[in-house]
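Peer 1: Pasting a structure here, questions to come.
Numbering (full-length UniProt numbering), first residue to last: 1 to 67.
What follows is the structure, given as structure tokens:
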């Protein structure tokens, strides 16, 4: 599997403090939807953070984030 040039740590920090992590990894469309729905009213927010911590979150190309 290919590894993204996007950092796992930066993605996690952006997800926790500024919910713009989807823009950082190139997922612009879902990033806009994420902001409009306030992170799916918190549910999407929690799912994304758990996926990042478990190393299941990918960039727009489907590549794992760099550790």
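For every residue, glycine included, the Cβ atom is placed at its ideal position computed from N, Cα and C.
Every value quoted in this text rests on a predicted model; they were computed, and no experiment measured them.
1) Ends of the alpha helix (DSSP H) at residue 48?
2) For residue 49, tell me which candidate among 16, 5, 10 and 6 has the shortest Cα-Cα distance.
3) Applying the 10 Å Cβ sphere with the 16-neighbour rule, what's the burial state of residue 32?
4) Count the other C-beta atoms from every protein chain shown that fall within 10 angstroms of the C-beta of residue 82, then say buried if there are 16 or more, exposed otherwise.
5) Please tell me whether residue 37 and residue 21 are closer than 9 Å, where the distance is taken between their beta carbons.
6) For residue 3 and residue 64, I'd like the C-alpha separation in whole angstroms.
Peer 2: On the basis of the supplied data:
1) 43-53
2) 16
3) exposed
4) No answer is possible for residue 82: the residues shown for the chain start at 1 and end at 67.
5) no
6) 5 Å
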